[in-house]
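Student: Mapping the sequence shown onto my numbering, position 88 (from 1) lands on 145, and the numbers just tick up by one.
Ideal Cβ placement from N, Cα and C applies to all residues, glycine included.
Every value quoted in this text rests on a predicted model; they were computed, and no experiment measured them.
Just passing along the structure, written as C-alpha cells.
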Amino acid sequence: MTIRRILVAADYSETSTRAVEYAAAVAVQFNAKLEIIHVWDRPQYVPANTTVTHPSGQGRISLAELIAENAERDMQEFLDACEIPVGVSLTHHLIGGEPSAKILECSTQGYQLLVLGTHGHSGVRHLVLGSVAERVVRLCTIPVITVPHS
Numbered sequence: 058m059t060i061r062r063i064l065v066a067a068d069y070s071e072t073s074t075r076a077v078e079y080a081a082a083v084a085v086q087f088n089a090k091l092e093i094i095h096v097w098d099r100p101q102y103v104p105a106n107t108t109v110t111h112p113s114g115q116g117r118i119s120l121a122e123l124i125a126e127n128a129e130r131d132m133q134e135f136l137d138a139c140e141i142p143v144g145v146s147l148t149h150h151l152i153g154g155e156p157s158a159k160i161l162e163c164s165t166q167g168y169q170l171l172v173l174g175t176h177g178h179s180g181v182r183h184l185v186l187g188s189v190a191e192r193v194v195r196l197c198t199i200p201v202i203t204v205p206h207s
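Structure representation (C-alpha cells):
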C-alpha cells in the first residue's frame, strides 16, 4: 500500500497531539502529506441565526463565525504545541458539522490513512457522550489508526 496523504482528526486534546505526532512520524516514513482537520459545531440548542457581540467590541457577529474564528486560533496554538519533524508537508482545515459524519466524509477525498485519538471513555460516560472514534472506525472505508489516551 502506498500512503501519499494522511488525514488526522484533531479535537485539540492531549490525545490529538499524540495522534498528530504519530501521523507525522508515519508521514516521514512514507514521504506523505499530513492534513489535519478539526470539526466544530455550534451547540444544538442554540438557533443557527444567533448573533453575539464580537470580543473586540466591534459590532455583532454570528455565533458560527465566532466559533470558526476561535477554532482557527485554537488550531494554530494546537499545531504550535505539536512536535512535527522538519520537512513534513502539513495543512489544516476547519470544518463545521457533526464530527463523526464530517470526518467520514473527508476520509473519502483521496486519503490512504486516517489517524485519530481516543479518549478511553467507558461505561455510562461512553453511553452518554458516545464515541466519535468508535463510529469512525466502524464506518470508515480507509485504514484507521487510533492513538489511545495516555
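Which ranges does the beta strand (DSSP E) cover as unbroken runs of at least 3 residues, wholly within the segment 153 to 179, from first to last along the chain?
Tutor: 170 to 174
Student: Please report the distance separating the alpha-carbon of Gly144 from that of Ile94.
Tutor: Position 87 of the sequence shown, counted from the first residue, corresponds to residue 144. Position 37 of the sequence shown, counted from the first residue, corresponds to residue 94. Cα atoms of Gly144 and Ile94: separation of roughly 20 Å, rounded to the nearest angstrom.
Student: His206 and Glu78 - do their beta-carbons sit closer together than 9 Å?
Tutor: Counting from one through the sequence shown, the residue named residue 78 turns up at place 21. Counting from one through the sequence shown, the residue named residue 206 turns up at place 149. No, they are not a contact pair.
Student: Can you grab the Cα-Cα spacing for the pair Gly114 / Leu136, in whole Å?
Tutor: Translated into the one-based positions of the sequence shown, residue 114 becomes position 57. Translated into the one-based positions of the sequence shown, residue 136 becomes position 79. Roughly 28 Å separates the two Cα atoms.
Student: Are Ile199 and Ser164 touching if we call contact CB-CB under 9 Å?
Tutor: Within the sequence shown, residue 199 is the residue found at index 142, counting from 1. Within the sequence shown, residue 164 is the residue found at index 107, counting from 1. If you check the CB distance, Ile199 and Ser164 come in under 9 Å.
Student: What's the call for Ala190, buried or exposed, on a 16-neighbour Cβ count within 10 Å?
Tutor: Translated into positions along the sequence shown, residue 190 becomes position 133. Counting Cβ neighbours within 10 Å, Ala190 comes out buried, since at least 16 surround it.
Student: Which partner residues does Leu64 have in the DSSP bridge list?
Tutor: To locate residue 64, count along the sequence shown from 1; it is residue 7. DSSP output for Leu64 lists Glu92, Leu171 as bridge partner(s).
Student: State the start and end residues of the unbroken beta strand (DSSP E) segment that holds Ser224.
Tutor: With the chain running from 58 to 207 in the structure shown, residue 224 is simply not present.
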